[in-house]
Amino acid sequence: MFSNLIKHFSSTIRNCRFASSSLPKYSTNFSYRQHLVSDLSNSNLIDTSVSLHGWLQYRRMNSFGVLRDHSGLIQFILPSSLKQQRQILKQTPVESCVHIQGILKKRPEKDMNADMTLGHLEIHVTDFKVINTCLPTLPVDLSKFHESDEITRLTYRYLDFRRDIMQERIRFRSEVISKVREFLLKHSFVDIETPSLFRRTPGGAREFLVPTHIQGGGLFYALTQSPQQFKQLLMMGGFDRYFQIAKCFRDETGRHDRQPEFTQIDLELSFVSRENIFSLIEQLLTACWPDSLDNIPFPRLTFTECMSRYGTDKPDTRFALEIEHTSDKFYITSPVSLKNIKNFLADTNNIDYDDNTRKFSINKTNDENEDLIQMGKLRLKLADLLEKEYKIELRKKRQWNFLWVTDFPLFTPMTDDKTKFESTHHPFTAPIDEHLSLISSEKHWST
């Protein structure tokens, strides 16, 4: 019986495998909501009755208003005959949840609003209801003209989600994840959910500990930093192509650029080379990226090249401004006698500066890595300055310069203590063939 159920279920999955691609972008299925604002662009709906649910974006006096849902904005008008509804509208705070029903009409040409997608249409209301009111003043400013500070927006995140930019980002994220799943399933990957509670695995980032009452208490689980060990076990168990949209937890709240929890596209596959992985990721990004990617395969730079040229292992290559390496010697290429050189160098006043020239010196230090990192940060600051203050477009906003950074060192000195080492990224890497002999060589472990 169970085997028959599995066969039936598998057949059903095959029949509807990628049916999601045929669904409309916005749907009112499984809801008593009849229309979304975006539906009103259908010219067949003009002069017909429409019914919408959404939020009151704006109201003027007691007769005009703008309704908003996640798909757009539409103006509505309450005729003078609806005295009771007009009074209700007058007393309804902006951002309240409302329902309107009415006839969709073309607006007079003189009243069309070019700033709205549906500025040529309006709804002549026949029924207006308030589903739920909100406070007259919200703690978060949801208007397009002002933005509340980040702390306030995070505190009232559920209200911040109403803003257009947040709606777009969350829905865009959902679309990308859907395309990622579709691509990987198409290439025989299996979506497997791994546990979030695990035993402690010291050696990486600090872990969040979860107390449990098992065996009388005093014991703890640790939230997983990543599914790394689980996916390696899955490879051993015969699932040679695995993926999941994985939640990871790391207790690094002391660092401003880290999140205590984040989501990553986690995947693993067996019997592959580095070139196979390069090709897989390039095709995956091409499948889910909103713009076309023309630079396939992606260019490659070694870690050493990146640090030397850009001062970072994640360079922005949309603009040049690379780090120039100078030596402690300089050369005179024009013909000149030694006597004249000595006379010139004897008096530094011989150097003539223009009025607009700033005098500066180049100092050499003994910490090359730290210098490169600081130069890399300065490079980005200069790009910001040139774009903001001097209006020079160095980096096109929709220019995607993906690249592979290869040959990372396994360990690098710690930022706080240069006498100690830490994993540059993570230790779950295999040595390259040329270095295999070094692992068994005692002299390389004795220093």
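The sequence shown begins at 720 in my numbering and counts up one residue at a time.
Think of the CB as a built atom: it goes at the ideal place given N, C-alpha and C, for glycine as much as any other residue.
The structure presented is a predicted model; accordingly, all values stated were derived computationally and were not measured.
For Phe1147, the CB contacts under 7 Å within the same chain, skipping 5 residues up- and downstream, are Gln947 in chain order. Under the three-state reduction of DSSP, Asn763 is assigned to helix. Here the stretch 815-834 does not lie against the stretch 855-870, with fewer than 3 beta-carbon pairs under 8 Å apart.
Rounded to the nearest whole angstrom, the CA to CA distance from Gln794 to Asn1120 is 42 Å.
Setting aside the 5 residues that flank it on each side, Asp959 is surrounded in the same chain by Leu988, Ser989 and Phe990, each with a C-beta closer than 7 Å to its C-beta; the list follows chain order. Considered as a whole, the stretch 931-983 harbours 947-955 as its complete alpha helix (DSSP H) runs of no fewer than 4 residues, in chain order. Separation of the CB atoms of Phe949 and Thr1005 is rounded to 28 Å, and the pair is thereby denied contact status at 8 Å. The C-beta distance from His754 to Leu775 rounds to 17 Å, too long to meet the 8 Å contact threshold. Between Gln951 and Asp910, the CB-CB gap reaches or exceeds 8 Å.
Per DSSP, reduced to three states, the secondary structure at Asn995 is helical. Between Arg805 and Ser750, the alpha-carbon positions lie close to 27 Å from each other.
Contact between the stretch 1112-1130 and the stretch 1022-1030 is present: three or more C-beta pairs spanning the two stretches fall below 8 Å. One Cα belongs to Thr836, the other to Asp883, and the distance between them is close to 14 Å. DSSP places Lys1033 in no beta strand (DSSP E); its state is neither H nor E. Separation of the CB atoms of Gln944 and Ala924 is rounded to 6 Å, and the pair is thereby assigned contact status at 8 Å.
Setting aside the 5 residues that flank it on each side, Glu971 is surrounded in the same chain by Ala924 and Arg977, each with a C-beta closer than 6 Å to its C-beta; the list follows chain order. In the three-state reduction of the DSSP assignment, Leu1113 falls in the coil class, being assigned neither a helical nor a strand state. For Thr1134, there is no enclosing beta strand (DSSP E), as DSSP marks it with neither H nor E. Looking at the backbone, the Cα of Leu797 and that of Tyr777 are separated by about 14 Å. Under the DSSP assignment, Cys816 falls in the beta strand (DSSP E) whose first and last residues are Cys816 to Lys825.
Distance from the CA of Ser768 to the CA of Pro827, rounded to the nearest whole angstrom, comes to 19 Å.
Taking Glu980 as reference, the option from Phe927, Ser992 and Gln1002 with the minimal CA-CA separation is Phe927. The beta-bridge partner set that DSSP reports for Tyr877 is empty.
Under the DSSP assignment, Val895 falls outside any beta strand (DSSP E), being part of the alpha helix (DSSP H) whose first and last residues are Asp883 to Lys905. With a cutoff of 8 Å on beta-carbon distance, Leu840 and Leu823 are scored as near each other.
Here Phe908 is not bridged, per DSSP, to any residue. Annotation: the stretch 766-811 contains the following complete segments of the alpha helix (DSSP H) (minimum length 4 residues), in chain order: 802-810.
A contact is defined here as three or more CB-CB pairs under 8 Å, and the stretch 875-882 fails this definition with respect to the stretch 928-939. The continuous stretches of alpha helix (DSSP H) do not include Glu841, which lies in the beta strand (DSSP E) extending over residues Leu840 to Asn851.
When C-alpha distances from Ala1039 are compared across Lys1115, Arg876, Thr845 and Phe939, the shortest belongs to Lys1115.
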